[in-house]
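Numbered by my numbering, the letters in the sequence shown go through residues 20 to 126 in order. A quick write-up on the structure given underneath.
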Amino acid sequence: MHRMGQNLSWLGCRAAEEFSRLTGDKKYTDKMTITLADTNGKCMIMGCSESQVFSIFDFSTNYCNLRNLYCGSADGCEPVKHSFKATESTVTPSLGAGSDAKSCITT
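Structural data, given as structure tokens:
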């Protein structure tokens, strides 16, 4: 299983959510938790994405599951509604899990 947490900062929020993502081929599910908290007038997001099957290398899948929710146009992402700036301060992937931001942008 892969566990990955990260902290980011952007303005104003408060929430906690749990959800899952099913791969396009409908074979694999990843579970995610995201917590948003007000920290000194900024919003900190902490998240965890975990594959529900055992794998040694995830090719940054769990990292991208979360990163693609907050990355903005300056990062090469296409925001659904608004683009905002996020500062990624800590990423802690589990053994074998990746955290390559370039893997998150596919064309």
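Even glycine gets a Cβ: it sits at the ideal position worked out from N, Cα and C.
For residue j and residue i, the rounded distance between their alpha carbons
i, j, result
"Phe76", "Thr58", "33 Å"
"Gln35", "Ser74", "Residue identity differs from the one stated: residue 35 is Ala in this sequence, not Gln. Those two C-alpha atoms are separated by around 27 Å."
"Ser79", "Ser102", "23 Å"
"Pro98", "Lys45", "24 Å"
"Gly115", "Gly95", "25 Å"
"Cys67", "Ile124", "19 Å"
"Arg86", "Met63", "13 Å"
"Met65", "Thr106", "12 Å"
"Thr111", "Lys121", "17 Å"
Residues that DSSP places opposite residue i in a beta bridge
i, result
"Gly60", "In the DSSP output, where bridge partners are listed per residue, Gly60 has none listed."
"Ser70", "Asp49"
"Phe38", "Met51"
Residue range of the unbroken alpha helix (DSSP H) whose run includes residue i
i, result
"Thr80", "80-89"
Distance between beta carbons of residue j and residue i, contact taken as under 8 Å
i, j, result
"Lys104", "Gly91", "6 Å"
"Thr48", "Leu55", "The pair is not a contact, with the Cβ atoms about 23 Å apart (cut-off 8 Å)."
"Met51", "Ser70", "Rounded, the Cβ-Cβ distance is 11 Å, inconsistent with contact."
"Gly168", "Tyr89", "A query on residue 168 cannot be resolved here, the shown segment of the chain reaching from 20 to 126 and no further."
Residue span of the beta strand (DSSP E) that contains residue i, given as start and end
i, result
"Glu107", "106-112"
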